[in-house]
Amino acid sequence: MAQSQQISSVYSTGMAFTTTLNGFDITTDTMPDAGGTGKGPRPKALMLVALTGCTGIDVVSILNKMKVAYTDFSIDVKADLTDEIAAVYEKVHLIYTIRIAPADRERFEKAVTLSMDKYCGVSAMFRKFATLTRELVFLDAAT
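When we follow numbering that gives the first Met the number 0, the leftmost residue of the sequence shown carries the number 0, and every step to the right adds one.
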């Protein structure tokens, strides 16, 4: 049986809503020029946070299972929205940056591929409406 999830968001003030999710309060809002007060991130941007969090957790889990040593791991996103009303992300580019031994780079590439193409449910959802691309940046392992 498929899993289901239910959340409830409660109006706060201005344009802000607060949601309790897994025991954490998250307040979403919009910019002051759109009637908000900047009390929290905009909801659409949180989709990108979900994407980087999902794939990041996968990659770390896979690297740990492979017993690969690494440091300075980060994921940046460049996302383009459509110009229409109810703009949606149409192009999303993930940049995985890591400091890792040259001998382990291929295993890192495998971990990223497994995450993006098999395990990360958020990337699977994004692929329904956007083109996802990725690049890997390897920092010098000596510094």
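From the three backbone atoms N, C-alpha and C, an ideal C-beta is built for every residue, glycine too. Just so it is clear, the structure is predicted and the values come from calculations on it, not from any experiment.
### Nearest-angstrom Cβ-Cβ length linking Pro-101 and Ala-140, presumed shorter than 8 Å
Residue numbering aside, residue 101 sits at position 102 when the sequence shown is read from its first letter. Residue numbering aside, residue 140 sits at position 141 when the sequence shown is read from its first letter. With a Cβ gap of about 6 Å, Pro-101 and Ala-140 count as contacting.
### Task
Taking only the alpha-carbon atoms, compute the straight-line gap between Phe-72 and His-92 and give it to the nearest angstrom.
Walking along the sequence shown from the start, residue 72 turns up at place 73. Walking along the sequence shown from the start, residue 92 turns up at place 93. Going from the Cα of Phe-72 to the Cα of His-92 covers about 17 Å.
### Query
Around the Cβ of Ile-56, are there at least 16 other Cβ atoms within 10 angstroms (buried) or fewer (exposed)?
As a first step, residue 56 must be located in the sequence shown, where it is residue number 57. With fewer than 16 Cβ atoms within 10 Å of its Cβ, Ile-56 is classed as exposed.
### Task
Label Leu-80 either buried or exposed according to how many other C-beta atoms from any shown protein chain fall within 10 Å of its C-beta, with 16 as the threshold for buried.
Taking the first residue of the sequence shown as position 1, residue 80 is located at position 81. By the neighbour-count rule (16 or more Cβ atoms within 10 Å), Leu-80 is not buried but exposed.
### Message
Pull the bridge partners of Ile-25 from the DSSP assignment, please.
### Response
Mapped onto the sequence shown, residue 25 falls at position 26. According to DSSP, which records beta bridges pairwise, Ile-25 is partnered with Thr-18.
#### Entry: Rounded Cβ spacing between Glu-89 and Ala-33 (contact assumed at less than 8 Å)
Here the question's residue 89 lines up with position 90 in the sequence shown. Here the question's residue 33 lines up with position 34 in the sequence shown. Between Glu-89 and Ala-33 the beta-carbon gap is near 21 Å, outside 8 Å, which marks them as no contact.
### Query
For Leu-47, does the count of other Cβ atoms within 10 angstroms reach 16, so buried, or fall short, so exposed?
Working through the sequence shown from its first residue, we reach residue 47 at position 48. So Leu-47 counts as buried.
#### Entry: Assigned exposure category for Gly-39 - 16 Cβ within 10 Å defines buried
Here the question's residue 39 lines up with position 40 in the sequence shown. The residue is buried, with at least 16 neighbouring Cβ atoms inside 10 Å.
### Message
On the DSSP letters alone, give me the boundaries of the alpha helix (DSSP H) that Phe-137 sits inside.
### Response
As a position in the sequence shown, residue 137 is number 138, starting the count at 1. No alpha helix (DSSP H) contains Phe-137, which is instead part of the beta strand (DSSP E) from 130-138.
### Query
How far does the alpha helix (DSSP H) with Ala-49 in it reach, from first residue to last?
Here residue 49 corresponds to residue number 50 of the sequence shown, with the count starting at 1. Unbroken alpha helix (DSSP H) run through Ala-49: 42-65.
### Query
What's the C-alpha gap between Ser-8 and Glu-134?
Walking along the sequence shown from the start, residue 8 turns up at place 9. Walking along the sequence shown from the start, residue 134 turns up at place 135. Computed Cα separation, rounded: 35 Å.
### Query
Using a Cβ-Cβ cut-off of 7 Å (strictly less than) and excluding sequence neighbours within five positions of Pro-42, which residues of its own chain qualify?
As a first step, residue 42 must be located in the sequence shown, where it is residue number 43. Once the five neighbours on either side are set aside, the close Cβ partners of Pro-42 are Thr-27.
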